[in-house]
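J.:
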Amino acid sequence: MAYKEKKTIIMIVTGIAVLTAYCYYSFGCSTAATDTDAILKQQAITMLKFIGIGIVAMIVIQILFHILYSISLAIASQIKTGNCDDKDIEKMIELEVVEDERDKIIELKSLRVGFTFAGIGFISALVWIVMDGSAAYLLNIIFISFSLGSILEGFTRLYYYSR
Amino acid sequence: MKNKCTISNKIREHRFFANEMTQQQLAEKTGVSRQTIIAIEAGKYSPSLELAFKIANAFDVKIDQVFSFKVEVNQKD
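Residue numbers (my numbering), protein chains in the order written: chain L, 214 to 376; chain Z, 77 to 153.
#1: So what does residue 79 of chain Z bridge to, in DSSP terms?
#2: Please give me, in chain order, every unbroken run of the alpha helix (DSSP H) with length at least 4 that falls completely inside the segment 84 to 145 of chain Z.
#3: Closer than 7 Å, Cβ to any Cβ of chain L: which residues of the segment 113 to 130 of chain Z, in chain order?
#4: Assign residue 111 of chain Z to buried or exposed, taking buried as 16 or more other Cβ atoms, counted over all protein chains shown, within 10 Å of its Cβ.
#5: Could you have a look at residue 340 of chain L and say whether DSSP puts it in helix, strand or coil?
#6: Let's see if you can read the secondary structure: which residues bound the alpha helix (DSSP H) around residue 231 of chain L?
#7: Just checking my contact of residue 299 of chain L with residue 290 of chain L at CB under 8 Å: how many whole Å lie between their CB atoms?
#8: Does residue 365 of chain L pass the burial test, meaning 16 or more other C-beta atoms within 10 Å, or should it be called exposed?
#9: Note the first and the last residue of the continuous alpha helix (DSSP H) segment covering residue 299 of chain L.
#10: Using a Cβ-Cβ cut-off of less than 7 Å, list which residues of the segment 303 to 322 of chain L approach chain Z; keep chain order.
#11: Whole angstroms are fine: how far does the CA of residue 235 of chain L sit from the CA of residue 229 of chain L?
#12: Quick check on residue 237 of chain L: buried or exposed, where buried means 16 or more other Cβ atoms within 10 Å of its Cβ?
#13: Spell out a yes or no on whether the segment 352 to 361 of chain L and the segment 253 to 268 of chain L are touching, meaning 3 or more CB-CB pairs, one atom from each, closer than 8 Å.
#14: Do we get a CB-CB distance below 9 Å when we pair residue 217 of chain L with the residues of chain C?
#15: Buried or exposed: which applies to residue 84 of chain Z, given that a residue is buried once 16 or more other Cβ atoms fall within 10 Å of its Cβ?
#16: Evaluate residue 121 of chain Z with the Cβ neighbour count: other Cβ atoms within 10 Å of its Cβ, from every protein chain shown; 16 or more gives buried, anything less gives exposed.
#17: What's the gap between the Cα of residue 90 of chain Z and the Cα of residue 312 of chain L?
#18: Show which residues of chain L have a CB atom less than 7 Å away from the CB atom of residue 137 of chain Z.
#19: Please list the partners that residue 109 of chain Z has in chain L, where partner means a Cβ-to-Cβ separation under 9 Å.
#20: Using only the heavy atoms of the ligand PLP, determine whether one of them is closer than 8 Å to the beta carbon of residue 300 of chain L.
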């Protein structure tokens with residue numbers, strides 16, 4: 214499995230973890246607010262918190278993954294050739310992380326799938342409001358659809374890499 | 077009537093004649109990842125014109141000696 218596939222799996226796992234934590238937090242805590250504005254404000258605060266948590270988690274996990282991947286490459290090189298030269302390791306990593314035209318095409322295709330899903334979720338949220346649904350679920354539907362869209366984007370990327 | 081276009085390549089053959097050049101070496105020469113070379117060689121991905129020229133240059137041959145384009149006419153449709 215190539216570096217990019219492993220990185221995508223890490224991103225998917227992080228996305229699922231953040232989404233699960235959001236659902237647990239959002240649906241778990243009961244709100245005391247009764248009017249729509251207060252509910253929306255509370256939901257927006259929760260969403261902003263989790264967007265921040267998601268971004269930080271993604272960055273930290275990617276840095277950790279890159280470090281661990283470099284260490285594993287160094288160990289593999291040590292076992293295979295008997296020497297562990299920094300320059301060789303750097304070159305190996307550079308060759309693995311190089312982004313070429315195929316990666317860009319795969320990224321565009323998977324982004325399209327992700328945004329389509331997120332768009333469907335957004336329209337569903339609007340339909341929900343038109344059908345007199347609770348405002349408390351409006352932002353939840355949007356957040357979950359965007360998160361699921363991002364996860365689906367990862368799976369699409371994996372599909373195109375493995376094809 | 078639908079026409080099916082296929083791009084075939086002789087990368088494996090050219091790698092063999094270039095002192096059994098590895099996919100990694102070809103990837104380094106053309107500035108792409110080894111996975112991309114694998115996908116092109118297996119016919120799963122059609123490279124851009126620029127990359128096709130780079131691959132041909134890596135073997136020091138003309139582009140039509142590496143890549144060929146075929147149009148299969150489907151009479152059924």
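Ideal Cβ placement from N, Cα and C applies to all residues, glycine included. Note that the coordinates shown come from a computational prediction; the quantities given were computed from them, not determined experimentally.
T.: Judging by the given coordinates:
#1: DSSP lists Z:149 as the bridge partner or partners of residue 79 of chain Z.
#2: Complete alpha helix (DSSP H) runs here, min 4: 87 to 93, 99 to 106, 110 to 117, 125 to 135 and 139 to 142.
#3: Sequence-ordered contacts of the segment 113 to 130 of chain Z with chain L read 115, 120, 121, 124 and 127 [C-beta pairs closer than 7 Å].
#4: When all chains shown are included, residue 111 of chain Z counts as buried.
#5: Residue 340 of chain L: helix per DSSP, three-state reduction.
#6: Here the alpha helix (DSSP H) through residue 231 of chain L covers 216 to 241.
#7: Contact doesn't hold; Cβ gap of about 11 Å is too wide.
#8: Buried, by the Cβ-count rule.
#9: Per DSSP, the unbroken alpha helix (DSSP H) holding residue 299 of chain L starts and ends at 299 to 310.
#10: From the segment 303 to 322 of chain L, only 308, 311, 313, 314 and 315 have a Cβ closer than 7 Å to chain Z.
#11: Distance between the alpha carbons of residue 229 of chain L and residue 235 of chain L: 10 Å.
#12: Here residue 237 of chain L is exposed, its C-beta having fewer than 16 other C-beta atoms within 10 Å.
#13: As far as the Cβ criterion goes, the segment 352 to 361 of chain L touches the segment 253 to 268 of chain L, which means the pair count is three or higher.
#14: The question asks about chain C, but that chain is absent: this structure's protein chains are L and Z.
#15: Residue 84 of chain Z comes out exposed.
#16: Counting Cβ neighbours within 10 Å, residue 121 of chain Z comes out buried, since at least 16 surround it.
#17: Approximately 25 Å between the Cα atoms of the pair.
#18: Neighbours of residue 137 of chain Z in chain L, taken as residues at a C-beta separation under 7 Å, are lacking, since the least C-beta distance is about 21 Å.
#19: Simply 215, 216, 217, 308, 309, 310, 311, 312, 313, 315 and 316.
#20: No copy of the ligand PLP occurs in the structure displayed, which carries no ligand at all.
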